[in-house]
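**Student:**
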Amino acid sequence: MLSRIACGVMCVIFMTAAEAQAARVTASAMDANGNVYVTGWRAVVAGSQWEISTTKYDKNGNKVWSHNYPNSAAMPDAESWGLAVDPAGNVYVAAHVGTATDVDCLLIKYPYDYMQGDDPEWVRTWDGGYGHDQHWTIAIDSDGFIYVTGYSMQSHEGVLSSDIVTMKYDGAGNMVWGAPALYNGPANGGENGFAIVVDPVTKNVFVTGRSRGAENSLEIITIMYDSGGAQKWAQRYKGPVATGVNGGTSLALDEAGAVYVTGTSQSSTGLDIVTLKYDAQGHQLWVSRYDGPGNSNDQPAPLAGGTTGIYNGNYMQNNQGLIVATEVLNPVPELRYLIGRVDALDVGRGLRTALLAKLNASLDSLLSPNADVRRNAPHVLGAFVNQMQALMAEGQMPAAVGRELTAVANQIIKGILGIGTTVVYVTGQSTNAAGNPDFVTIKYNAADGSPMWNLPGQPGTTPEKSGTPANIALRYNGPANSTDRSWAIAMDGDGNIFATGPSMADSARSVDFYTTKYFVNTYQPAVLAEARYDGTGHGIDQACGFAMWRDPESGRYYIYRDASGKDYVVVTGNSIGTDTSAPSTQDYLTIAYDGKLAQRWLQRYYW
Ligand SMILES: [Ca+2]
Ligand SMILES: [Ca+2]
Ligand SMILES: [Ca+2]
Ligand SMILES: [Ca+2]
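Heads up: the sequence shown is residues 205 to 811, going by my numbering.
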């Protein structure tokens, strides 16, 4: 048996036989020289034996090496789920290996100078002693320590259920914490760790995932361990439905050590995308829910809704659904945007004229060639803020409008002064008014969780409804008005955002890779470039994530940019090739695009 999400004794999700024949890309990364590493797993014998396959390409797309593990009939169940490269170029693959009744956590190290035909430098397995144990994902720090999380079956009061299991290894393969950290929830039910990050300064470790709650709900669980593996806090979020399905899927840290989590959360009308902020001490600072225009299912990437019938975990690259960044707003175009908003306000003409006079005076100051005049721009804009607040206090300005426009003006003032704002980007899929899922990307202010975009009248949205303004999100509904799912988000060195995932094209080519680039540091974001890829078999082609480079200082992941300034937007996923006989129904596909999403190279890996 293969590829399960254990969520306790009550639910274990298994793949269908048809899926079991296929291969899956599950993780990828890039090193400091632009080399690309891709891992996944494939059927050796259709339906009964699988092995892990990991490949290195150089930045021009030439295959450097490939290694399969273990190709053993005695251990027929081997699947990888995470890949990370340390600053020295050593490559680690997080996985599981075993039999239908007992798989164990597996970690493989390929050294930086690994050559085709070599054995891995080391292989470590860990057996919790009660059946299935597996790593879902991996993180790395600048000192070369490796962190993995996943689940481990454990015995609680004589009943077996899964706990979150988190481990720290050094580069020599020693388990640093002595024993893995296990988290068991209050219900002695099923727990899963889906994403992990490490604070680059404190080396505190953050894990998010899913945990069974007291009312049989599935809840978002977020845990912090210190650098020695001691659990410092664990916070749960169960959402508005008592027995709801919730799960954390991605997380990231800001420079103050606060942690942001995105996940799936059930509401009375389906699933919502939920984003949470906790400070470093574990206090929940805000929660922001997104319910799309279809008022139905909305989920961040990757999907973790195992009990809802829309589980797509086999296609995921873990922890690619959320980005935290610090940005400085460009004040001139944003001030023009604010002028347009105020000009459209339904207030008295005299009042509108007075507000616009302050904004236009501020814009004139900003554009002045005289430095002394330019310095006056924030003060004039401050007078606008003061007048807005007075109008709100007097009841002459609707509070929601006044608050939003005041927030915009304050952001522009920060932009003029060169002060950065920490923001959060979340991507996923969201049901539109026609009832099918679209790509969705949302930007929040990290200070309070308020949305930062305004996109009225975009295709696929409905008028603003209570709770979620429809116009806060960038959406993409593909040409078939069918299924489009954003499964990963990435940022380049200029702060532009990329999203990728599967998108339905038409009946002749089915689902394609769809990748898009957005200009985002603005109140009205725009599409900069798009790319669609149909495989050679013209079947289902599913992009599952980006191969990204980890900045060793910040610990954050970015689109790779080489020394000459060229971007490498590398997308990996699964694609139907021309050989459709089992077990080779699907190929690994890796595409490298340039910064304009023109294809640099493409590698199809099949057997
Ligand atoms: Ca085991
Ligand atoms: Ca919803
Ligand atoms: Ca759609
Ligand atoms: Ca296709």
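Ideal Cβ positions, reconstructed from N, Cα and C, are used throughout, including at glycine.
#1: From G389 to V301, what does the alpha carbon distance come to, in whole angstroms?
#2: Could you check which residue in G335, M279, G433, T305 has the C-alpha nearest to that of V352?
#3: Extract the residue ranges of the beta strand (DSSP E) inside the region 236-271, only unbroken runs of 3 or more that lie entirely within it.
#4: By DSSP, does Y296 sit in helix, in strand, or in coil?
#5: Give every residue whose Cβ lies closer than 5 Å to any heavy atom of ligand 1, listed in chain order.
#6: Exposed or buried, which one is G552 when buried takes at least 16 other CB atoms within 10 Å?
#7: Considering Cα atoms alone, identify which of S471, D688, S714, G525 is closest to P641.
#8: Mapping DSSP to helix, strand and coil, what is Y228?
#9: Please tell me whether, using a cut-off of 6 Å, the distance from the CB of G474 to the nearest non-hydrogen atom of ligand 2 is below it.
#10: Near ligand 4, which residues have their beta-carbon less than 5 Å from any of its heavy atoms, given in chain order?
#11: Which first and last residues belong to the alpha helix (DSSP H) in which A594 is found?
#12: With H, G and I counted as helix, E and B as strand and the rest as coil, what does DSSP make of V463?
#13: If you draw a straight line from the C-alpha of G461 to the C-alpha of S356, how long is it?
#14: Rounded to a whole number of angstroms, what is the C-alpha to C-alpha distance between S572 and R578?
#15: Check for me: the alpha helix (DSSP H) holding L621 runs from which residue to which?
#16: Return the chain-ordered list of same chain residues with a C-beta closer than 7 Å to the C-beta of G743, the five sequence neighbours on each side being excluded.
#17: Give me whichever residues DSSP pairs with S707 in a beta bridge.
#18: Tell me which residue opens and which closes the alpha helix (DSSP H) that A278 is part of.
#19: Within the same chain, show all residues whose beta-carbon is closer than 6 Å to that of G705, passing over the 5 residues directly before and after it, in chain order.
#20: Who are the Cβ neighbours of N420 in its own chain at under 6 Å, not counting the five residues just before and after it?
#21: Would you tell me roughly how many angstroms separate the C-alpha atoms of L475 and I312, rounded to the nearest one?
#22: Please determine if the region 454-474 and the region 410-430 are in contact, where contact requires at least 3 C-beta pairs separated by less than 8 Å.
#23: Does G448 have its Cβ less than 7 Å from a Cβ in chain D?
#24: Work out the CA separation of L793 and D323 for me, nearest whole Å.
#25: Just mark N516 as buried or exposed, buried being the case when its beta carbon has 16 or more other beta carbons within 10 Å.
#26: On the premise that G632 lies in contact with D502, defined as a C-beta separation below 8 Å, what is that separation, rounded to the nearest angstrom?
**Tutor:** Based on what the coordinates show:
#1: 26 Å
#2: G433
#3: 240-249, 253-261
#4: strand
#5: D306, D308, D331, D337
#6: exposed
#7: That would be D688, whose Cα lies nearest to the Cα of P641.
#8: According to the sequence as given, residue 228 is Arg; it is not Tyr. Here R228 sits in strand by DSSP.
#9: yes
#10: With 5 Å as the limit, the residues whose C-beta approaches any heavy atom of ligand 4 more closely are R713, S714, D716, D738, D745, in sequence along the chain.
#11: 581-597
#12: strand
#13: 28 Å
#14: Distance between the alpha carbons of S572 and R578: 6 Å.
#15: That residue, L621, is in no alpha helix (DSSP H); it is neither H nor E in DSSP.
#16: S714, I780
#17: D688, D716
#18: That residue, A278, is in no alpha helix (DSSP H); it is neither H nor E in DSSP.
#19: R689, S690, W691, A747
#20: Contacts found: T447.
#21: 36 Å
#22: yes
#23: Given the protein chain composition of this structure (a single chain), no chain D is represented.
#24: 25 Å
#25: Bear in mind that a pLDDT of 47 at N516, under 50, signals an unreliable position, so the model cannot answer this.
#26: 7 Å
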